[in-house]
Structure formats: C-alpha cells, structure tokens
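Numbering (our numbering), first residue to last: 1 to 143. Cβ coordinates follow ideal geometry from the N, Cα and C atoms, glycine included. First comes the structure, then the notes that go with it.
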C-alpha cells in the first residue's frame, strides 16, 4: 500500500508559495528602488529560474509591464507607488493656472501704482522745487 501523499503535497505547496513570495518580494524591491526590471534580474535576486518566472502568469505579467514601463522612461523609473496620478496632475495644473492668474492681477496692480507714482513725480517736478509746500512724496505700496 502506497504511503500517504498528503505530507509530500503539503511540502510542495509550501515550497511553491515560498518561491512565489521570494519572487514577488524581489519584484517589489526592484520597483521600489526604480531599478530597470528584467526576468533575469528578478530570477537572480529571488533565487529562482527564469523559466519558473515565465510559467507564473501573474508574475510574468507584472514583470513584463514594469519592464516595458522602465524601458520607455528615459530617466530612472519612478516606483509605481510614487507615480503621479492623472487626477493629481490635473489638480497641480489647476493650482498653477490659479497662481498665474493671481500673479497677472498683481502685475497689473503694480503697473498701475508705478504709473501713478511716475505721474505724481513728473507733476511735482514741473510744478516747482521739491522743498516748496504742497510737494508730496509718493510711496508705492507692496499690495
């Protein structure tokens, strides 16, 4: 009568899960550091074979996706967890537009103040010496 295969099956499953965990950990670490990802590098760090990685559909998909992402980037890859979302970029753009609008308004106000101050200065020079009564100095306000 054959021996009970349950302990052997259980050990094989545990070994498989441990191997998967090492591969996923290696992949996450490479992505976190922004290192260009390849099957060879993941296999070497995880201590598994490249052929084993290719036989794991979810891990193979993740490696291919991250490898393609790092190949397209000319600068060092930014880890997935630190990449900007479309929404965050949209909000930054809106904030930038608002700041530009504020600066344009401030610029217009300062130009009006400068024109007024130059006009007052010219009027004071043409109306008499600065020491005479009625001569007023003009201060340009910051806001």
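Quick one: is residue 18 buried, meaning 16 or more other Cβ sit within 10 Å of its Cβ, or exposed? exposed
Assess, as a yes-or-no matter, whether the segment 17-31 is touched by the segment 39-57 under the definition of 3 or more beta carbon pairs within less than 8 Å. yes
Measuring straight from C-alpha to C-alpha, what distance separates residue 97 and residue 69? Roughly 30 Å between the two C-alpha positions.
Might you give, ordered along the chain, the residues of its own chain that have their beta carbon closer than 6 Å to the beta carbon of residue 12, omitting 5 neighbours on each side? none
Can you check which of these residues, 83, 38, 86, is closest to residue 65 by C-alpha distance? 38
Is residue 54 near the ligand FMN, judged by its Cβ being under 7 Å from some heavy atom? The model depicted lacks the ligand FMN and carries no ligand whatsoever.
With residue 15 and residue 79 assumed to form a contact (beta carbons below 8 Å), what rounded beta-carbon distance in angstroms separates them? Between residue 79 and residue 15 the Cβ distance is about 29 Å, and since that is not below 8 Å, they are no contact.
Spatial neighbours of residue 1 within its chain, please: C-beta separation below 8 Å, excluding the five flanking residues on both sides. With a pLDDT of only 48 at residue 1, under 50, the local geometry of the prediction cannot be trusted, and no value is derived from it.
Buried or exposed for residue 104, going by 16 or more other Cβ atoms inside 10 Å? Exposed, because fewer than 16 other Cβ atoms sit within 10 Å of the Cβ of residue 104.
Cα separation between residue 112 and residue 85? 41 Å
Between which two residues does the alpha helix (DSSP H) holding residue 84 run? Bounds of any alpha helix (DSSP H) do not take in residue 84, whose DSSP letter is neither H nor E.
With 16 other CB atoms within 10 Å as the buried threshold, where does residue 9 fall? exposed
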